[in-house]
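Under the working numbering, the first residue of the sequence shown carries the number 1, and numbering increases by one thereafter.
Here the structure comes first, spelled out in structure tokens, and everything after it is commentary.
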Amino acid sequence: MNTPVWMKDDSTLDERTMRFMAGEDVLLDRHLFVHDIRATAAHARGLAEIGLLLAADAEAIESALDGLRVSFLAGEFVLDDRYEDGHSAIESFLVERLGETGRRVHLGRSRNDQVLVALRLFMREALTESAALALDAADAALERARDTETLPMPGYTHTQRAVPSSVGLWMASFAESFAEDADLLIATRGWIDACPLGTAAGYGVNLPLPRHSVGAALGFSRLLINPMHAQATRGKAEVQVLAALWQFAQTIRRLAWDLTLFSTAEFGFVTLPPSGTTGSSIMPNKRNPDLSELLRAVAPTIAGCQAELQQVLALPSGYHRDLQATKGPLIRACLAATRAGEIVPGLLRGTLIHADRMRAAIDPTMYATDAAVELAAAGTPFRDAYQQVARRLDDLGDRTPEQSLDARVSPGATADLMLDQIQARIDRVRPAAAPPEHQQD
Ligand code: ARG
């Protein structure tokens, strides 16, 4: 490892101890690096704004940082354990490139606010990405709802056949759920859209840092004002981001569960896309729904990461190195959510529906609720109608799933799926999902 930035004449280094303290930090910083670079450039510009850096030096720093970003993205600059962390890598790159000018960049900031700002930018981007993916999933589900609208299938409660339902109702439920998830992800992005940079180690500095313009340059809509509070949000913002991602993953889990169940030979309601199934290593007859099973595993991964974060947060005010342990679960959860989100639209569009099997699974007793409601609507008290129907379950008249569904006129139900209203919700959320103009690079 290169000499740490904090190394003083009297410091000693023990390789094993250093390795333990760094942990996987520098590798995780690969996910934060471009954000750290961007915030470093904004900080340098801020220093120039208050006359603490020559304009030419700030420009040189900015252009060197731009080069670093390009070469990192091209895989030429490798962030590895030669560096203690991404922050040190940026600084040593600048010193190597610019000599003394590079050594000026850390004036007025601490790695504590440096990591906070990079994390905020990372979270903002992760939320924007997952909101867009949730909307793509909502689109795909709504498309399926439109092309299947009144196709009958059984509706279950307690995993028992309950009442006739429709594929349109099933699919529209996911369209609405994904739209709400997107909405929550965007609201959460607004909640964390505050700039911690310029709070230094958590107590401010004896400089008139232009925090407002630096924050605005990074696309933040407000500042985290109090430096101690800014520190106290480390991990706390992350918990909320994971809560929103968990909601998205939970919708994915429910869909994946339904698909896994309905694709069994016992149900035979759907066939999953071939790309989402695998064979068995021993049983030549098998096709396994691994994709939907793995999608099901994302919500628990996120919940586990959230619990990991919450355990770290039992700390008093001020920065504590324990907080480094919040980085892994945040990044793991964000990657899990976005990778899963990318899969969902294709899975929805590629799933074959077996209308005949679904229709055949509606047995005649499933009209019992319709019959009881009809009697009650004609004047019999509902409780009496319920008892009457319960006594003649095998004699509910000639009914078809289509008749039952045509009569299901309560708003949102199959005769009135309100797909246009669900579409309108998606359309309302969509413009908000694109990063606000001030956040675009
Ligand atoms: N890797 C550290 C973290 O994630 C960076 C901040 C280090 N600050 C410090 N004072 N040692 O928290």
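Note that beta-carbon positions come from the ideal geometry of N, C-alpha and C, so glycine has one too.
Buried or exposed for residue i, going by 16 or more other Cβ atoms inside 10 Å?
i      : result
Glu24  : exposed
Pro289 : buried
Asn112 : buried
Gln421 : exposed
Glu96  : exposed
Pro154 : buried
Pro284 : exposed
On a Cα-Cα basis, can you pick out the residue from the options that is closest to residue i?
i      : options                        : result
Arg45  : Val429, Glu62, Pro274          : Glu62
Ala340 : Thr365, Ala368, Leu294, Ala385 : Leu294
Arg399 : Thr365, Gln421, Leu116         : Thr365
Ala201 : Leu133, Leu28, His320, Ala58   : His320
Ala413 : Thr199, Phe20, Val163          : Val163
Ala140 : Val117, Pro227, Ser173, Ala355 : Ser173
Lys286 : Ser263, Ala297, Leu169         : Ser263
Gly168 : Leu419, Arg428, Gln423         : Leu419
Lys327 : Val115, Phe77, Phe220          : Val115
Gly235 : Gln310, Val270, Ala182         : Gln310
Arg144 : Arg349, Leu396, Tyr367         : Arg349
Ala355 : Thr369, Glu402, Arg383         : Glu402
Thr40  : Arg104, Gly304, Gly397         : Arg104
Leu135 : Phe248, Asp384, Ile353, Leu323 : Phe248
Gln253 : Gly190, Met1, Ala336, Val270   : A small correction: the amino acid at residue 253 is Arg; Gln does not occupy that position in the sequence shown. Measuring from the Cα of Arg253, the nearest candidate turns out to be Ala336.
Leu352 : Gln160, Leu209, Gly268, Asp363 : Gly268
Ala179 : Met7, Arg430, Pro436           : Arg430
Ser166 : Thr159, His158, Asp147         : Asp147
Glu342 : Leu323, Glu84, Val298          : Val298
Please work out which residues of its chain come closer than 7 Å, Cβ to Cβ, to residue i, disregarding the five sequence neighbours upstream and downstream, and give them in chain order.
i      : result
Ala432 : Ile186
Ala415 : Leu405, Asp406, Ala407, Arg408, Val409
Thr101 : Asp57, Ala60, Ile61
Trp170 : Met153
Give the C-beta separation of residue i and residue j to the nearest angstrom, bearing in mind that I take them to be a contact with Cβ-Cβ under 8 Å.
i      : j      : result
Thr338 : Ser177 : Wrong, their Cβ atoms sit about 18 Å apart, outside the cutoff.
Leu291 : Leu347 : 7 Å
Asp193 : Arg124 : 6 Å
Leu197 : His31  : Not quite, the Cβ-Cβ distance comes to about 18 Å (not below 8 Å), so this is no contact.
Val344 : Ala371 : Going by Cβ atoms, the distance from Val344 to Ala371 rounds to 38 Å, so no, they are not a contact pair.
Leu133 : Thr188 : So it is not a contact: roughly 14 Å between Cβ atoms.
Ala74  : Ala138 : Their Cβ separation, rounded to whole angstroms, is 35 Å, which puts Ala74 and Ala138 out of contact at 8 Å.
Apart from the five residues just before and just after residue i, which ones in its own chain have a Cβ nearer than 8 Å to its Cβ?
i      : result
Gln306 : Val239, Leu242, Ala243, Trp246, Pro329, Ala333
Cys195 : Val117, Arg120, Arg211, Val214, Gly215, Leu218, Phe220, Arg222, Leu223, Leu224
Leu142 : Met171, Ala172, Ala175, Leu419, Ile422, Gln423, Ile426
His106 : Val5, Glu91
Apart from the five residues just before and just after residue i, which ones in its own chain have a Cβ nearer than 6 Å to its Cβ?
i      : result
Thr199 : Asp113, Pro227, Ala230
Val34  : Arg69
Tyr203 : Pro227
Gly108 : Val205, Leu207, Leu209
Ala237 : Ile192
Problem - Below 6 Å from a heavy atom of ligand 1 - residues by beta-carbon - result: Asp25, Asp85, Arg111, Asn112, Val115, Tyr319, Arg321, Leu323, Gln324, Lys327
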